Amino acid sequence: MNTNQSGRARGPGGGRALFARGALLAAGAALLTGCQESSQLVTLGDMSSAFNREIFWMSVWAIAFSIIIFIGVSYALFATVRRFREENNSAEPAQFHGNNRLEVVLVAVPVLIVIVLSVLTVRSMARLNPTPENATSVTALSRQFWWNFSYPTATAAAGGVVTNGNEMVMPTRNPVAVTITSGDVMHAFWAPNLGGQRNATPGTEKTWQIDTDRPGAYQGNCSMLCGASHANMRFKVIALEPERYNAFLQAAAAYRAPTPEPGSAEERGYTLFLQGKPSTGALSCAACHRVQGTPANGAAGPDLSFFGTRRTLGAGMWEGEQAEEMLIPWLANSPGVKPGSLMPPYNGATYQVNGQVQKGGVLTEQELSDIAAYLRSLRLPEEADYWRDTPVIGSTEGPQGGTQ
1 MNTNQSGRAR GPGGGRALFA RGALLAAGAA LLTGCQESSQ LVTLGDMSSA
51 FNREIFWMSV WAIAFSIIIF IGVSYALFAT VRRFREENNS AEPAQFHGNN
101 RLEVVLVAVP VLIVIVLSVL TVRSMARLNP TPENATSVTA LSRQFWWNFS
151 YPTATAAAGG VVTNGNEMVM PTRNPVAVTI TSGDVMHAFW APNLGGQRNA
201 TPGTEKTWQI DTDRPGAYQG NCSMLCGASH ANMRFKVIAL EPERYNAFLQ
251 AAAAYRAPTP EPGSAEERGY TLFLQGKPST GALSCAACHR VQGTPANGAA
301 GPDLSFFGTR RTLGAGMWEG EQAEEMLIPW LANSPGVKPG SLMPPYNGAT
351 YQVNGQVQKG GVLTEQELSD IAAYLRSLRL PEEADYWRDT PVIGSTEGPQ
401 GGTQ
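Residue numbers for the sequence shown follow UniProt numbering, beginning at 1 and rising by one.
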């Protein structure tokens, strides 16, 4: 069943609906996540998602029943206390064995409420669990502590499928079928504004749907405690109008990394990226990372094909200008700025892999700057830049007035 139809928004539903929505918004406020540069509110009460709308209207019934029960029990309690106060009743209380009618009511009413809520829950599950045939497919691979998002229907001209690290792009007004798995330990994908969460279990794949009617950049987090940098395992979901999304996907499929100018910083960085510096023990970046259109085809780290287009660094630890400022410190000593990172340092510092202490290689500041210059050159065409004029949903102090 098409979620966009089954989860269609409804008009105002009176006081109960407002109360329920307020409760969801309050729950979302508790999920406020802080970034180095700005804060972004993630909330279950985002009604731009058909998934959230369906859950909201189911919750209205649960909250309404809760209010009715609270009022009924409170009234019965205070009425009984008032009527049967000791000073108002000096005689011995009447002795009787039960009240069959009252007992039937006390059993029947809860059973009826449970039946109604069960039917509503099953109905919502039937609407939300099936993946519509017209859904856009995205595969999410989670690892300690980053994400890779692949588009299985988009074959890259340079080989493989279109993949992007830590930033997922999706269309608006169409369900997106996300298939998640894990490459190491259990993780969990959750972007509350867009829908429900799913656990990522090694060796298994789970598919569910998310959606939104509103273009923008949404915050996502790993919601399963997964290690030292669980709190730093973030991601962004950028929802684009269908036309812009198709332009992104076409450009990403046709993308090949640009050939650096001879003698440029980018060319020196490209050489270091592919070969490393064996004389100082500096490992090749290409051993762990993929860049479309180059020999770099590593799978141990995030895909860097469109690194220059991205606005986040370290799986969302830094955004915007701070991501730019932190790039060289990140390259120099990733484990030093992100606990548990398996990326080797390039300033000679030690780090751990599977409990074993390793010593990183050494690159000069100029060499690190050259690699940074090469990474920044890996950009999609301007018309396919998914961050261009994209509002940051829920941003309290986002750059450029809430856009990036």
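We treat Cβ as the ideally placed atom computed from N, Cα and C, and that holds for glycine.
For clarity, every value in this text was computed on a predicted model and none was experimentally measured.
Counterpart residues of residue i in DSSP-defined beta bridges
{"i": "G220", "result": "F235"}
{"i": "H187", "result": "A200"}
{"i": "M58", "result": "The partner list for M58 (beta bridge, DSSP) is empty, contrary to what the question assumes."}
{"i": "residue 440", "result": "As shown, the chain starts at 1 and ends at 404. That puts residue 440 outside it, with no answer to give."}
{"i": "P171", "result": "L240"}
{"i": "T207", "result": "T179"}
{"i": "N164", "result": "F149"}
{"i": "V392", "result": "A217"}
{"i": "T155", "result": "V161"}
Burial state of residue i, where buried means 16 or more other Cβ atoms lie within 10 Å
{"i": "A252", "result": "buried"}
{"i": "A167", "result": "Looking at the sequence provided, one finds Glu at residue 167 rather than Ala. E167 comes out buried."}
{"i": "H289", "result": "buried"}
{"i": "D385", "result": "buried"}
{"i": "K338", "result": "buried"}
{"i": "T350", "result": "exposed"}
{"i": "K236", "result": "buried"}
{"i": "A126", "result": "exposed"}
{"i": "G216", "result": "buried"}
{"i": "V119", "result": "exposed"}
{"i": "A157", "result": "exposed"}
{"i": "L106", "result": "exposed"}
{"i": "P175", "result": "buried"}
Cβ-heavy atom distance, residue i to the ligand GTP, below 7 Å
{"i": "L283", "result": "The ligand GTP is not part of this structure, which contains no ligands at all."}
Inter-residue CB distance, residue i and residue j (contact presumed, cutoff 8 Å)
{"i": "F78", "j": "S142", "result": "Not really, about 52 Å apart at Cβ, beyond 8 Å."}
{"i": "F145", "j": "G340", "result": "6 Å"}
{"i": "G298", "j": "R376", "result": "Their Cβ separation, rounded to whole angstroms, is 19 Å, which puts G298 and R376 out of contact at 8 Å."}
{"i": "V178", "j": "V138", "result": "5 Å"}
{"i": "G361", "j": "A282", "result": "3 Å"}
{"i": "A154", "j": "L249", "result": "5 Å"}
{"i": "Y151", "j": "F273", "result": "Wrong, their Cβ atoms sit about 24 Å apart, outside the cutoff."}
{"i": "A257", "j": "E383", "result": "Not really, about 18 Å apart at Cβ, beyond 8 Å."}
{"i": "M224", "j": "N199", "result": "6 Å"}
*When the Cβ atoms of the stretch 265–283 are set against those of the stretch 181–196, are three or more pairs found closer than 8 Å?*
no
*Enumerated in chain order, which unbroken segments of the alpha helix (DSSP H) with a length of 4 residues or greater are wholly contained in the stretch 301–381?*
Entirely contained in the stretch 301–381, the alpha helix (DSSP H) runs reaching 4 residues are, in chain order, 320–332, 334–337 and 365–376.
*With contact counted as at least three CB pairs below 8 Å, one residue from each stretch, are the stretch 287–300 and the stretch 363–373 in contact?*
no
*Scan the stretch 231–304 and note each continuous beta strand (DSSP E) run of 3 residues or more that stays entirely inside, going in chain order.*
234–240
_Whether or not the stretch 193–211 and the stretch 241–248 are in contact is what I'm after, with contact meaning three or more pairs of Cβ atoms, one per stretch, closer than 8 Å; do they touch?_
no
*At 3 residues or longer, and completely inside the stretch 114–148: list those beta strand (DSSP E) runs for me, N to C.*
136–143
_Contact the stretch 192–199 vs the stretch 38–54: 3+ CB pairs below 8 Å_ = yes
*asked:* Count Cβ pairs between the stretch 325–333 and the stretch 344–362 that sit closer than 8 Å; are there 3 or more?
replied: yes
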